[in-house]
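As structure tokens, the structure follows; a few thoughts come after it.
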Amino acid sequence: MITNMYQENILDHYKHPRNFGDLPNAKFHAHAANPLCGDELDFFLEFNTDDKISNVKFNGRGCTITIASASMLSEKLRGMSRSDIEIFSNEDAIKLLGVPITPARLKCATLALETVQQAIGHH
Amino acid sequence: MKNIFPDFPIFKTNPGLIYLDSAASAQKPQAVIDAEKNFYETSYANVHRGIYALSEKATELYEGSRETVRKFINAKSTKEIIFVRGATEGINLIAHSFGQQLRKDDVILLSEMEHHANIVPWQALATPSPLRGAPPAAGGAVLRWIPVTESGDLDLTNIDELLKGVKLVAVTQMSNVLGTVNDVQFLADKAHAVGAKILVDGAQSVPHMPVDVQKLNCDFLVFSGHKMLGPTGIGVVYIKQEILETMEPYQRGGNMILEVKKNSATWNGLPYKFEAGTPNIAGAIGLGAAIDYLQDVGMEKIWEHEQDLVKYGLAQFSVLKGVRVLGADATSARSAIFAFDIDGVHPHDIGSILDQQNIAVRAGHHCAQPLHEKFGLVATARASCYLYNTKEDIDVLVAGIKKVQETFT
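In order, the protein sequence lines correspond to chains Z and B.
Under the working numbering, think of the first position of the first sequence as 36, with each following residue one higher.
Under the working numbering, think of the first position of the second sequence as 715, with each following residue one higher.
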């Protein structure tokens, strides 16, 4: 089946990623990569006193789906608790993109979530 | 070249498909599909076993394919033709069995343009292994690399220096990324002059050009059936008989033995000593049919057709702004493989957007990570042609690439 992953808002997030940059002092940080295609992401998370995400930035390089999903996820994360992130599934991450993802691109669509979950798990 | 397009059912069942991924695997003509089907329907039994007509018929067909392969690559004897799963298993067989003859500090000379299948099995001989029965070279063999130039050729300037202490040269005859055709005959002479053996990875060359093992004077040649119109799971290792006679078995079990006692066994003659277990009989018969088909078209004709495509393709690519094709220009010996990147566009995105236009290309490192690293790239998109591709396919590809660029402007 031929599907169109490259819809306007996906390309917009790719060309103008939200929350792009570093938080050098963030306590929660992780780096993840997909060596098959060279995509890599860094996520930086800060939590407020209620243990909710108060600030998030990401950095990295990748294909449209990797960057768009990181950008969209970064917007979604604000206000989420650690347990919200833990139960956030790959399916949720794909749903967030709002376009059909072909099997070959699933890894691209879930790399951001993998990085974020690593950031809270590894601290 | 005659119009062979109607011989491939995949293009009837997938109208509009522009298939440009034959370096990964080739589509199958009806003759190959029929050969396997007919075998199962009319002549199927195990080989080399039964004292009954059907088994004899199956054996005749299986051994007939071995003879077809022998003639196709001009080997001296069918004893030198071993059926395996593919080029990868072929190299593993050689690394396992011939590898036992290598010793500490023996050098294996590879090139930077090798497929992972011609890198990773040799790493095992250069890595310390705790396994009992590990080859004597384990922990001791040394890998050395023939560099690749910016234009995608082997840099043979210091070949005499590189060959010092070398016991085995293992190089591809045709790069699966750059399309470069290497002068393996020259390398064979050089290798033999220092007493080394040479393995030629023919996975890309054998499907696309005439290959004659006696002319090349190579000691080992491996190739896969599925890249040359044949079925998956069947491939060939050619090994010079005098070398084969010195090699220990690869796998052990039925068919490869002469006599088995409780604590010992003796080996069957060549090539059966290297074919343990029931082989891929139908696959071998399908490969025989694929070779018949290729020879009916003519290997020279296929090579010429693809030379037209590479010249045309490189000319079309050269006028595209922001698109870079790896490898040599059309004046060098190269095949119709176009690994390319587009400024500002990730190879996965190239692959997906071309797929939306029904154009099948591969995106990734094409099992050649060290080569991509050499060019400062992680991945590329790759369009690769075969006898069923046309200049029109390249026109569609070029239009598709323009559409990729439009998506990102």
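Don't be surprised by glycine CBs; every beta carbon is placed ideally from N, CA and C.
The three-state reading of DSSP puts Z/E81 in strand, counting E and B together.
When DSSP reads this structure, B/M888 sits in a beta bridge with B/V895. Here B/E989 carries a coil assignment [DSSP, helix/strand/coil]. Taking a 10 Å sphere around the C-beta of B/Q741, we find 16 or more other C-beta atoms and assign the residue as buried. Ranking B/H906, B/K904 and B/K941 by CA distance to the CA of B/D915 puts B/K941 first. Within the same chain, Cβ atoms closer than 6 Å to the Cβ of B/A905 are found at V883 and I912, the five residues on either side in sequence being excluded. For chain B, the residues of the region 48-82 of chain Z that bring a beta carbon within less than 7 Å of one of its beta carbons are L71, C72 and G73, in chain order. Within the DSSP bridge table, the entry for B/I953 names B/F934 as partners.
A straight-line Cα-Cα distance of about 40 Å links Z/P138 and B/D897. Scanning the region 1073-1105 of chain B for uninterrupted beta strand (DSSP E) segments of 3 residues or longer gives 1076-1078 and 1094-1098, listed from N- to C-terminal end. When beta bridges are read from the DSSP output, Z/D47 appears opposite no residue. Residue B/T886 holds the alpha-carbon nearest to the alpha-carbon of B/Q899 among B/N890, B/V891, B/T886 and B/L892. According to the DSSP assignment, Z/S109 belongs to the alpha helix (DSSP H) that extends over T99 to L112. For B/T946, no alpha helix (DSSP H) run applies, since DSSP gives it neither H nor E. The Cβ of B/A737 sits no closer than 8 Å to any Cβ of chain Z. Rounded to the nearest angstrom, the gap between the Cα atoms of B/M827 and B/V895 is 11 Å. Note that the C-beta distance between Z/L58 and Z/K92 is below 8 Å.
Contact between Z/L146 and Z/L76 holds, with the beta-carbon distance rounding to 6 Å and staying under 8 Å. Excluding its 5 nearest sequence neighbours in each direction, B/Y986 has C-beta neighbours in its own chain below 7 Å: N969 and M970, listed in chain order. By the neighbour-count criterion, in which 16 or more other beta carbons inside 10 Å mark a residue as buried, B/T1094 falls on the buried side. For B/A749 and B/T782, the gap between their C-alpha atoms comes out near 14 Å.
Rounded to the nearest angstrom, the Cβ distance from B/L824 to B/L870 is 14 Å, too far for a contact under 8 Å.
For the pair of segments examined, the region 1081-1101 of chain B was found to touch the region 1049-1060 of chain B: the number of CB pairs separated by less than 8 Å reaches three. Considering only beta carbons, the part of the region 123-151 of chain Z lying closer than 9 Å to chain B consists of T137, A139, R140 and C143, in chain order. The shortest C-alpha to C-alpha distance from Z/N94 to any of Z/L131, Z/D85 and Z/L80 is the one to Z/L80. Closer than 8 Å to the CB of Z/G95 there is not a single CB belonging to chain B. The beta carbon of B/E1020 lies closer than 7 Å to those of H922, S1049, A1050 and C1099 in the same chain, with the five residues before and after it left out.
B/R799 is a Cβ neighbour of B/I948, given a cutoff of 8 Å.
Annotation for B/V1037: the continuous beta strand (DSSP E) segment containing it runs V1037 to V1039. In this structure, the beta-carbon distance from B/L1111 to B/V891 does not fall below 8 Å. Under DSSP, B/L823 shares a beta bridge with B/R858 and B/V883.
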